[in-house]
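Numbering (mature numbering (1 follows the signal peptide of the UniProt record, and there is no 0)), first residue to last: -17 to -1, 1 to 222.
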Amino acid sequence: MKFSAAVLIATVGSVAAFSGSSFSGLSLKAATNDSAMTMSATGMGVNGFGRIGRLVTRIIMEDDACDLKAINAGSATPEYMAYQYKYDTIHGKAKQTVEVDGDFLVLDGKKVQTSRCRDPKEVGWGALGADYVCESTGVFLTKEKAQSIIDGGAKKVIYSAPAKDDSQTIVMGVNQEQYDGSEDFISCASCTTNGLAPMVKAIHDEFVIEEALMTTVHAMTATQAVVDSSSRKDWRGGR
């Protein structure tokens, strides 16, 4: 999921730039003396600094096409954010130096504004230069709810999870050509969909699938119990 969210962010930025939309994204600027074009980095924000938000942040920091401006982390202090970002049991230690300066995370010398706003509108994404925001709290997954991020000055919102309404869903390698730059709310689907859809597309394009059944062997997620406990949402998920 972390990879698909980050790649989708880059795609949304690229399409917005080339489509001539009013959204800056990876803005293309004509050179004054010839037809050469140069690209400036996309101002990025991350709403939610959990498992996905931290890993998307890592990818953004390693991509010259993205310029991380702000992270809204709920209740986590900058010091705890730095600790969580620096060390990851699965992916290892962050490649960048990680420091704290007041309310800023300093990643490889770059200062990134942090906030702890329950309403993402209060972050002030636009004022901070974050045009595109990755919504990774799992809460703002409809146009109505994610509008608060737009109201805070962002221009596009990319959900790191399946949308809970009719927001456009893009799976890289499957249907990214359907994005024309006009939609402000995009979902990168689920991790299962990103694993399954490319295989299904390849088979369907060649042979045509009339009916199918799939089984997913899924890695443990943050909401599943390591030891038996109660789970009202999913009884089986309690063990």
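Quick reminder that beta carbons are idealized off the backbone N, C-alpha and C, glycines included.
Counted within 10 angstroms of its Cβ, other Cβ atoms place residue i as buried (16 or more) or exposed
i: residue 218; result: exposed
i: residue 44; result: buried
i: residue 51; result: buried
i: residue 196; result: exposed
i: residue 77; result: buried
i: residue 225; result: Within the shown structure, residues of the chain are numbered from -17 to 222, placing residue 225 beyond reach of any answer.
i: residue 40; result: buried
Between the CA atoms of residue j and residue i - distance to the nearest angstrom
i: residue 165; j: residue 211; result: 46 Å
i: residue 152; j: residue 172; result: 6 Å
i: residue 216; j: residue 92; result: 43 Å
i: residue 207; j: residue 69; result: 24 Å
i: residue 147; j: residue 74; result: 29 Å
i: residue 5; j: residue 187; result: Only weak support is given to the placement of residue 5: the predicted model assigns it a pLDDT of 29, under 50, and the value that follows is read from those uncertain coordinates. Distance between the alpha carbons of residue 5 and residue 187 is about 36 Å.
i: residue 121; j: residue 192; result: 32 Å
i: residue 101; j: residue 190; result: 49 Å
i: residue 80; j: residue 128; result: 35 Å
i: residue 97; j: residue 57; result: 10 Å
i: residue 200; j: residue 125; result: 28 Å
i: residue 143; j: residue 184; result: 21 Å
i: residue 141; j: residue 34; result: 16 Å
i: residue 194; j: residue 181; result: 16 Å
i: residue 158; j: residue 55; result: 30 Å
i: residue 64; j: residue 32; result: 8 Å
i: residue 110; j: residue 123; result: 21 Å
i: residue 132; j: residue 214; result: 31 Å
Whole-Å CB distance - residue i paired with residue j, under 8 Å assumed
i: residue 170; j: residue 30; result: Contact doesn't hold; Cβ gap of about 14 Å is too wide.
i: residue 136; j: residue 178; result: So it is not a contact: roughly 34 Å between Cβ atoms.
i: residue 53; j: residue 36; result: Their Cβ separation, rounded to whole angstroms, is 12 Å, which puts residue 53 and residue 36 out of contact at 8 Å.
Beta carbon of residue i nearer than 8 Å to that of residue j
i: residue 25; j: residue 59; result: no
i: residue 104; j: residue 134; result: yes
i: residue 209; j: residue 176; result: no
Notebook entry, point to check: Taking contact to mean at least 3 C-beta pairs separated by less than 8 Å, is the segment 112 to 125 in contact with the segment 83 to 90?
Noted result: With the cut-off at 8 Å, the segment 112 to 125 and the segment 83 to 90 do not touch.
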